[in-house]
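Colleague: I'd like to ask some things about the structure below.
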Amino acid sequence: MRYLTIALLLCGLLIGPASAQEKSPKKAFFLSLLVPGLGELYSGAKWRAAGFMASEALTWLAYVSWRSKGNDLKADFRTFADQHWRETTYHAWQAYNQSQPESQQYYETEHLPTKAEDTQQYYELIGKYAQFIYGWDDVTSSFTTTNMDIQSTLQHDYETQRNESNKYLKRASRIAGLTVLNRIVSAIHASAYVRTQQSSSNASVWLDLSPIDWRGRSTIELKKSF
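Plus 184 on top of the position in the sequence shown (first one is 1) and you've got my numbering.
Right, dumping it as structure tokens:
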């Protein structure tokens, strides 16, 4: 909000009552790179300015909402893992596995870091691979080296929770990318609009770009002015 307020104050200083001929396409371009729609406001395309600004606001609202949801779910699934997965039991299985003849051992492909070393990797591995199946509370059978044959409802539930969290966090990452694209589209449009206004005494053809929507779509219209 502070960033937007500063940008609008800056825009107020830059816009002024200049005529179309006095306005700079370059300034319009960089204003819209700063805040989508700012260059349109400067150039006089007020409705289009409102569209780009609204698109920017909506994408950031979606980003905050989805990132918050994803992080809340991440905290939940990590708490779930702390309650139901036992590292000591897993290491006991490792000792058993390594005590078996080499030809009968379960081939351990993954190294489990401590939470302090790599928190993200720690919580990913214990739910993703059968190697860590014996750490889950509901696996009470005697140790074996045929981990792929062992089922854990807790591990399945955990992975479902983790995937749900990742879904929202990935959405947030994608929507953040759309804010960059919206700036670029707005900057190109604002600069082109100023150039069109400056050549309004002659017939001209130009491309009109609409604001990016939440799905990353924009429309391009071929327009003619006289």
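No residue lacks a Cβ here, since even glycine has one placed at the ideal position from N, Cα and C.
#1: So, is Asp373 buried or exposed, given that buried needs 16 or more other C-beta atoms within 10 angstroms?
#2: Which residue comes first and which comes last in the alpha helix (DSSP H) that contains Lys312?
#3: How would you write the range of the alpha helix (DSSP H) that Gly223 sits in, first residue to last?
#4: Okay, do the region 300-320 and the region 240-247 touch, 3+ Cβ pairs below 8 Å being the bar?
#5: From Arg232 to Ser370, what does the alpha carbon distance come to, in whole angstroms?
#6: Hey, Trp250 and Ala356 are a contact pair by Cβ (cut 8 Å); roughly how many whole angstroms apart?
#7: Give the straight-line distance between the Cα atoms of Tyr247 and Pro297, rounded to the nearest whole angstrom.
#8: Answer yes if the region 221-236 comes into contact with the region 271-287, meaning at least three C-beta pairs across the two stretches below 8 Å, and no otherwise.
#9: Cα separation between Leu365 and Tyr280?
#10: In terms of residue numbering, what span does the alpha helix (DSSP H) encompassing Lys211 cover?
#11: By Cβ distance, which residues of its chain are closer than 6 Å to Pro209, with the 5 residues on each side in sequence left out?
#12: Report the option in Ser227, Phe264 and Trp269 whose CA atom is closest to the CA atom of Thr324.
Modeller: This is what the structure gives:
#1: Asp is not the amino acid found at residue 373; the sequence shown has His there. Looking at its Cβ environment, which holds 16 or more other Cβ atoms inside 10 Å, His373 is buried.
#2: Thr303 to Lys312
#3: Leu222 to Ser227 is the span of the alpha helix (DSSP H), which, as asked, contains Gly223.
#4: The region 240-247 and the region 300-320 do not touch, with fewer than three beta-carbon pairs separated by less than 8 Å.
#5: Rounded to whole angstroms, Arg232 and Ser370 show a C-alpha spacing of 9 Å.
#6: 4 Å
#7: 31 Å
#8: no
#9: Distance between the alpha carbons of Leu365 and Tyr280 is about 54 Å.
#10: Pro209 to Leu218
#11: Excluding sequence neighbours, Pro209 sits near Ser375, Val378 and Arg379.
#12: Trp269
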